[in-house]
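**Q** Quick note on numbering: the working numbering labels position 128 of the sequence shown as 133, and the sequence is numbered without any gaps.
Beta carbons: idealized from backbone N, C-alpha and C, even for Gly.
Dropping the structure in here first, questions after.
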Amino acid sequence: MDKEKTVAVVMGGPSAEEKISLSTGHAMAEALRGKGYHVKEIRLVPHEFSEQVKKSGADVVVIAVHGLYGEDGRLQSALEMMGVPYTGSGVLASSVSMNKLTAKRVFLGSGIPTPDYIFLHRRDRGKQDMVKAITDKFSLPVVVKPVSQGSSLGVTIEKEISGLQKALDEAFQYDEEVLVEEYIAGQETSVCMIRRKDGSVKVWPVVLIHPHAEWYDFNAKYSAGGVDHLVPAPLPEEITRTLKDISVKAYEVLGCSGVARTDCMIGEDGRCYVLEMNTVPGMTPTSLVPDAARAEGTDFGDLCEMILETAHL
6 MDKEKTVAVV MGGPSAEEKI SLSTGHAMAE ALRGKGYHVK EIRLVPHEFS EQVKKSGADV
66 VVIAVHGLYG EDGRLQSALE MMGVPYTGSG VLASSVSMNK LTAKRVFLGS GIPTPDYIFL
126 HRRDRGKQDM VKAITDKFSL PVVVKPVSQG SSLGVTIEKE ISGLQKALDE AFQYDEEVLV
186 EEYIAGQETS VCMIRRKDGS VKVWPVVLIH PHAEWYDFNA KYSAGGVDHL VPAPLPEEIT
246 RTLKDISVKA YEVLGCSGVA RTDCMIGEDG RCYVLEMNTV PGMTPTSLVP DAARAEGTDF
306 GDLCEMILET AHL
């Protein structure tokens, strides 16, 4: 890309993931400046967004907003209407990937293994015994999560029947829609990828995640020393290949573009599952995509430039 053009990195916004987004955005902006680009930083104010972009003089926008607006297709739609190229997935792929229920339905319809689930809506809280609905379908533990939220916010792995209502209440604080999934005991992994200019998908080495806490929650993800990323993951070749194959298939059937990351599980029986797709993955010092790229010799500045070069309308 022509380094005389103005690159705007948009970050922040009214999301529970605002602080993480600011960390991602500042890191990417500094890296691109270090590569010689003229960079402006935009701290998202949704109702002023079009004016913010105009005032920045942006020729291209790097989307670094996690969660609301950045991953649900809204910013992408606004930028398309303004005719400003942007990084990452398009409107439909972003909105479908952000909604864990819709993404799950796409996975199941495409033969991509994903944990079994039930769907609950806040409006039904007085109409059905949600705890009974869960225990009728699953043995514990289960995973309770908001449908449209990231960074493990509002997510609980609940082992006791007595704790299910509290877990549901926590999830409903973040969203009116909640998924309850079967718990897959095993190893958590991540597969990071990016679509090249020729349309092929570049897949970086699989990352094996070893949280220091009991599970990979918000604090483990974003606290220094909260987790170890083993990359390339020390896994059998067949499992590594399966993780990459189902992740690329998920990327393709969702219609993703740019950089993205799947969260996957390897069950104790060796079966592999896709949990979800992240279309604006974190780019903080503790994030998975930079670690995966670094394992193949791509430093953070080169990675950010690679992402910038995927900008599209």
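Tell me, please, which residues DSSP counts as bridged to residue 194.
**A** Beta-bridge pairing links residue 194 to 213, 269.
**Q** Quick one: complete alpha helix (DSSP H) runs, 4+ long, within the stretch 228-311?
**A** Listed in chain order, they are 242-259, 293-299.
**Q** What first and last residue would you give for the alpha helix (DSSP H) that runs through residue 175?
**A** From DSSP, the alpha helix (DSSP H) with residue 175 extends over 169-179.
**Q** Hey, would you say residue 65 sits closer than 9 Å to residue 16, going by beta carbons?
**A** Not a contact, by the Cβ cut-off of 9 Å.
**Q** How would you label residue 195, buried or exposed, when you count the other beta carbons within 10 angstroms and need 16 or more for buried?
**A** Burial call: buried.
**Q** When DSSP labels each residue in this structure, what does residue 136 get in the three-state scheme?
**A** In this structure, residue 136 counts as helix in the three-state DSSP scheme.
**Q** Checking 9 Å against the spacing of the C-beta atoms, do residue 308 and residue 295 come in under that value?
**A** Contact: yes.
**Q** Find the nearest neighbour of residue 169 within the set 137, 264, 205, judged by alpha-carbon distance.
**A** Comparing Cα positions, the closest option is 137.
**Q** For residue 136 and chain B, any beta-carbon pair shorter than 9 Å?
**A** The chain inventory of the structure shown lacks chain B, comprising one protein chain alone.
**Q** What residue range does the alpha helix (DSSP H) around residue 58 cover?
**A** Unbroken alpha helix (DSSP H) run through residue 58: 54-61.
**Q** What's the gap between the Cα of residue 202 and the Cα of residue 315?
**A** Answer to the nearest angstrom: the Cα atoms are 7 Å apart.
**Q** Kindly indicate which three-state DSSP category residue 184 falls into: helix, strand or coil?
**A** Strand at residue 184.
**Q** Got a sec, what are the start and stop residues for the alpha helix (DSSP H) residue 112 sits in?
**A** Looking at the DSSP string, the run of the alpha helix (DSSP H) that includes residue 112 is 105-114.
**Q** List the whole-angstrom C-beta distance separating residue 69 from residue 288, where the pair is believed to meet the contact cut-off of C-beta under 8 Å.
**A** Contact flag correct, Cβ pair sits at about 7 Å.
**Q** Name the two residues that bound the continuous beta strand (DSSP E) containing residue 125.
**A** Element bounds for residue 125: 122-126.
**Q** Between the stretch 147-156 and the stretch 171-180, can you find at least three pairs of beta-carbon atoms closer than 8 Å?
**A** These segments touch.
**Q** So what does DSSP say about residue 6, is it helix, strand or coil?
**A** Reduced to three states, the DSSP call for residue 6 is coil.
**Q** Figure out for me which residue from 43, 63, 76 has the closest Cα to the Cα of residue 19.
**A** Comparing Cα positions, the closest option is 76.
**Q** What first and last residue would you give for the beta strand (DSSP E) that runs through residue 23?
**A** Careful: residue 23 lies outside any beta strand (DSSP E), inside the alpha helix (DSSP H) at 23-39.
**Q** Could you give the residue range of the beta strand (DSSP E) that holds residue 85?
**A** First-last for residue 85: 79-87, but that is the alpha helix (DSSP H), not the beta strand (DSSP E).
**Q** Give me the Cα-Cα distance between residue 160 and residue 40, rounded to the nearest whole angstrom.
**A** Roughly 38 Å between the two C-alpha positions.
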